[in-house]
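Visitor: Numbering (the working numbering), first residue to last: 543 to 1149.
Ideal Cβ placement from N, Cα and C applies to all residues, glycine included.
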Ligand code: ARG
């Protein structure tokens, strides 16, 4: 078996990378350089580097030699994968991160990180915290939550709210300029019936505060009349036309309905600590006319059965309805206008939409049409539809109340609070914690577990909502991880080591990492940046949750066998503190805290 030691001391470094970064990303760069030197004719081949499946295969692996050999063969160069692997290894430029490279099996390349590099990166983290990797700063617009006025916010909107907030937090951590937009459904024909019904039911709405406690019921009443009463239907249509013509009375009624909804939504956002800027469909009313004209002028609209539609270029996609037969605009039209606004006015480099997967084809059509219209330049702007699956109940059917109604989010959050308190009492935590601590732990656990259960599942799948599962204290759950965090934080506290002392130690002495379990933990810590890179690319947050769980397990392993604090058996007095290991605890806790921060979880000191 061949092993190649890259001696960083003897060879001059071609490049030093500063700060923290994804190791996979950097290894790919290094291999790319070798590829260009080794096989210039295949230099655009995409080299893959992954985290090793087993420790015996090193820390990372490059499995590209097999595919590369095939490609070379097709273009007339016959080299075996093993030879390709050896050539690639031979041309790896001098670098600071690889210690050892070896080939294995049919052409795998195993990569072991330089110990010196690992220690240096961890030392930097002791001094600077979990600093973000360097990225090109972008203007990002993220459209999430976006419930519909007058309808209750449902669990689908809850998913959008949780996922969108976490993505925004990730991008903010990376230093991007993030605009969090709530594209509420505050316009459209459904308002006709609401306005007409409001006028009938509460004619004195201007002088009396609106007595609508339950907008959902109000919506249902209006809908019933709309469906059953032709005369009412007529008036509803007239009301929309009046509203769109900015009739002051109708506008006032519309405002009242929106305000009532807004207050309800805000309660949810406040409880979950979610910041959003409302910019609903109505905001784009005036620009729609201009854009529709532009599309007509560009000959992009097709007149079909009284409507103007726009056909996507890609086959199999539905057309967008841009103007309805009554001359009104639609959800599609407002999305066209919103996209233009985000590109032209917000000058966004990156636009993200977070909705259920049911709207995938809507967004595919939208992006296709807008690119064709010349509004989107795909080389400059990144656009993602972040879709997610359905929330199911424990019976694997759509989550509903027993009577079959949609579950109100306030009720769901209340139930979470109650269940998390029950759990804390069941574990007798109320006897050791102060009332304030208990209160904090209760909300941290309740909202944390709701968010975490959502985020730890691959968003593309449906997910089963179960308080019993999410409140379990074992496995990949918020409760386990939040508890783990308090445990790690308490190590230094119980050893009477102040954060300042740790910092001074790191400044003066650096950090020593020697024991295999220490090294394993250190390498696991550095994978944080690989995960950050991955989730920035695929926007799948569950990888961060998997990482959070893995690092907790690796930490437990380390903590079980590496003494951090030695105490006198009889007196319990602290005899010896291993400061290097204390630093590892500190960095691990900081990594956990950073992950929680990105996921929108709030750890507590005691629970
Ligand atoms: N209001 C829509 C709904 O409840 C979601 C809006 C998503 N954002 C957008 N720009 N279309 O389904």
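1. Taking its Cβ as the centre, do 16 or more other Cβ atoms sit within 10 Å of residue 1105, making it buried, or is it exposed?
2. Below 8 Å on the Cβ atoms is my contact criterion, and I expect residue 1127 with residue 1067 to pass it. Report the Cβ-Cβ distance as a whole number of Å.
3. I'd like to confirm the pairing. Which residues does DSSP put opposite residue 1065 in its beta bridges?
4. By Cβ distance below 6 Å, which residues in the same chain neighbour residue 850 in space, the five residues on each side in sequence not counted?
5. Evaluate residue 1145 with the Cβ neighbour count: other Cβ atoms within 10 Å of its Cβ, from every protein chain shown; 16 or more gives buried, anything less gives exposed.
6. Rounded to the nearest angstrom, what separates residue 988 and residue 1136 at their Cα positions?
7. At the level of alpha carbons, what is the spacing between residue 665 and residue 1052?
8. Do residue 1023 and residue 1090 have their beta-carbon atoms positioned less than 8 Å apart in this structure?
9. In angstroms, rounded to a whole number, what distance separates the CA positions of residue 1124 and residue 671?
10. Rounding to the nearest angstrom, what Cα-Cα distance links residue 1120 and residue 1059 in this structure?
11. Do residue 640 and residue 656 have their beta-carbon atoms positioned less than 8 Å apart in this structure?
12. Beta-carbon separation of residue 855 and residue 927 under 8 Å?
13. On the three-state DSSP scale, how would you describe residue 604?
14. Does DSSP put residue 551 in a helix, a strand or coil?
15. Which runs of the alpha helix (DSSP H), 4 residues or longer, sit entirely within the segment 622-706?
16. Please report the straight-line C-alpha distance between residue 910 and residue 956, rounded to a whole angstrom.
17. Give the range of the beta strand (DSSP E) segment to which residue 834 is assigned.
18. Evaluate residue 623 with the Cβ neighbour count: other Cβ atoms within 10 Å of its Cβ, from every protein chain shown; 16 or more gives buried, anything less gives exposed.
19. Look up residue 1035 in the DSSP assignment and say whether it is helix, strand or coil.
20. Below 8 Å between beta carbons: does that hold for residue 940 and residue 892?
21. Considering only C-alpha positions, which residue in the set 761, 1055 and 1103 is nearest to residue 668?
22. Please go through the segment 744-770 and give each complete alpha helix (DSSP H) segment of 4 or more residues, from N-terminal end onward.
23. Throw me the rounded Cβ distance for the residue 831 and residue 930 pair, which I believe falls under 8 Å.
24. Is it buried or exposed for residue 785, if we count other Cβ within 10 angstroms and need 16 for buried?
25. Can you tell me whether residue 787 is buried or exposed, with buried defined as 16 or more other CB within 10 angstroms of its CB?
26. Between residue 629 and residue 577, what straight-line distance do the alpha-carbon atoms span, to the nearest angstrom?
27. Where does residue 782 fall in DSSP's three states?
28. Please enumerate, following chain order, all residues with a beta carbon closer than 7 Å to at least one heavy atom belonging to ligand 1.
29. So for residue 788, helix, strand or coil by DSSP?
30. Taking buried to mean at least 16 other C-beta atoms within 10 Å of its own C-beta, is residue 750 buried or exposed?
31. Are the CB atoms of residue 593 and residue 1079 nearer to each other than 8 Å?
32. At a cut of 8 Å, does the segment 1001-1018 reach the segment 1080-1087 through at least three beta carbon pairs?
33. Could you check which residue in 1094, 621, 1007 and 627 has the C-alpha nearest to that of residue 1016?
34. Using a Cβ distance threshold of 8 Å, determine whether the segment 711-728 contacts the segment 959-974, with at least three qualifying pairs required.
35. Check whether the Cβ atoms of residue 735 and residue 764 sit closer than 8 Å, and answer yes or no.
36. Go ahead and label residue 994 buried or exposed: buried means 16 or more other beta carbons lie within 10 angstroms of its beta carbon, across all protein chains shown.
Guide: Per the coordinate set shown:
1. Within the chain shown, the letter at position 563 stands for residue 1105. Result: exposed.
2. If you number the chain shown from 1, residue 1127 lands on position 585. If you number the chain shown from 1, residue 1067 lands on position 525. In this structure, residue 1127 and residue 1067 do not form a Cβ contact; the two beta carbons are roughly 11 Å apart against a cut-off of 8 Å.
3. On the chain shown, position 523 is the one that residue 1065 refers to. Per DSSP, none; premise fails for residue 1065.
4. Counting from 1 along the chain shown, the entry for residue 850 is found at position 308. Close CB contacts of residue 850 within its chain, under the 6 Å cut and outside five residues either way in sequence, are with 843, 864 and 865 (chain order).
5. Working through the chain shown from its first residue, we reach residue 1145 at position 603. Taking every protein chain shown into account, the CB of residue 1145 has 16 or more other CB atoms within 10 angstroms, so this residue is buried.
6. Start at 1 with the first residue of the chain shown, and residue 988 comes out as number 446. Start at 1 with the first residue of the chain shown, and residue 1136 comes out as number 594. Rounded to the nearest angstrom, the two C-alpha atoms are 19 Å apart.
7. For the purposes of this step, residue 665 is taken as residue 123 along the chain shown, with counting starting at 1. For the purposes of this step, residue 1052 is taken as residue 510 along the chain shown, with counting starting at 1. Rounded to whole angstroms, the separation of the alpha carbons of residue 1052 and residue 665 is 6 Å.
8. In the chain shown, residue 1090 corresponds to position 548, counting from 1. In the chain shown, residue 1023 corresponds to position 481, counting from 1. It is a contact, given that the beta carbons lie within the stated cut-off.
9. For this step, residue 1124 is matched to residue 582 along the chain shown. For this step, residue 671 is matched to residue 129 along the chain shown. Each residue's alpha carbon lies about 15 Å from the other.
10. The residue given as residue 1120 occupies position 578 in the chain shown. The residue given as residue 1059 occupies position 517 in the chain shown. Cα-Cα distance, rounded: 15 Å.
11. Here residue 656 is taken as the residue at index 114 of the chain shown, counted from 1. Here residue 640 is taken as the residue at index 98 of the chain shown, counted from 1. The answer is yes: Cβ separation under 8 Å.
12. Translated into positions along the chain shown, residue 855 becomes position 313. Translated into positions along the chain shown, residue 927 becomes position 385. In this structure, residue 855 lies away from residue 927, with their beta-carbon atoms at least 8 Å apart.
13. Numbered from its first residue, the chain shown carries residue 604 at position 62. In this structure, residue 604 counts as strand in the three-state DSSP scheme.
14. As a first step, residue 551 is located in the chain shown; it is residue number 9 there, counting from the start. In this prediction, residue 551 has a pLDDT of 37, which is less than 50 and means its spatial position is unreliable; nothing more can be read from the coordinates.
15. Contiguous alpha helix (DSSP H) elements confined to the segment 622-706 occur at 623-632 and 657-670, taking only those with 4 or more residues.
16. Your numbering for residue 910 matches position 368 in the chain shown. Your numbering for residue 956 matches position 414 in the chain shown. Between the alpha carbons of residue 910 and residue 956 lies a gap of roughly 42 Å.
17. As a first step, residue 834 must be located in the chain shown, where it is residue number 292. Element bounds for residue 834: not the beta strand (DSSP E) but the alpha helix (DSSP H), 827-839.
18. Numbered from 1 along the chain shown, position 81 holds the residue referred to as residue 623. Buried, since its Cβ has 16 or more Cβ neighbours within 10 Å.
19. Mapped onto the chain shown, residue 1035 falls at position 493. Three-state result, residue 1035: helix.
20. One-based indexing of the chain shown puts residue 940 at position 398. One-based indexing of the chain shown puts residue 892 at position 350. No; because the gap between Cβ atoms is not below 8 Å, this pair is not in contact.
21. Start at 1 with the first residue of the chain shown, and residue 668 comes out as number 126. Selected option, being the one with the closest Cα: 1055.
22. Taken in chain order, the complete alpha helix (DSSP H) segments of 4 residues or longer contained in the segment 744-770 are 757-770.
23. One-based indexing of the chain shown puts residue 831 at position 289. One-based indexing of the chain shown puts residue 930 at position 388. About 34 Å separates the beta carbons of residue 831 and residue 930, which is beyond the 8 Å limit, so they are not a contact pair.
24. Taking the chain shown and counting its residues from 1, the one referred to as residue 785 is at position 243. That one is buried.
25. Sequence index remark: in the chain shown, residue 787 carries index 245 (1-based). Its Cβ having fewer than 16 others within 10 Å, residue 787 is exposed.
26. In the chain shown, counting from the first residue as 1, residue 629 sits at position 87. In the chain shown, counting from the first residue as 1, residue 577 sits at position 35. Taking the straight line from one Cα to the other gives about 9 Å.
27. Sequence index remark: in the chain shown, residue 782 carries index 240 (1-based). Here residue 782 carries a helix assignment [DSSP, helix/strand/coil].
28. Having a Cβ closer than 7 Å to some heavy atom of ligand 1 are 685, 688, 689, 690, 699, 725, 726, 727, 873, 877, 880, 895, 897 and 901.
29. For this step, residue 788 is matched to residue 246 along the chain shown. DSSP places residue 788 in coil when its eight states are reduced to three.
30. By 1-based counting over the chain shown, the position of residue 750 is 208. It counts as exposed.
31. The residue you call residue 593 lines up with position 51 of the chain shown. The residue you call residue 1079 lines up with position 537 of the chain shown. Contact flag unset, no.
32. Look at the beta carbons and you see the segment 1001-1018 touching the segment 1080-1087: at least three pairs across the two are nearer than 8 Å.
33. To locate residue 1016, count along the chain shown from 1; it is residue 474. For the residues 1094, 621, 1007 and 627, the minimum Cα distance to residue 1016 belongs to 1094.
34. Because the criterion of three Cβ pairs below 8 Å is not met, the segment 711-728 and the segment 959-974 do not touch.
35. Indexing the chain shown from 1 puts residue 735 at position 193. Indexing the chain shown from 1 puts residue 764 at position 222. Contact: yes.
36. To locate residue 994, count along the chain shown from 1; it is residue 452. Buried.
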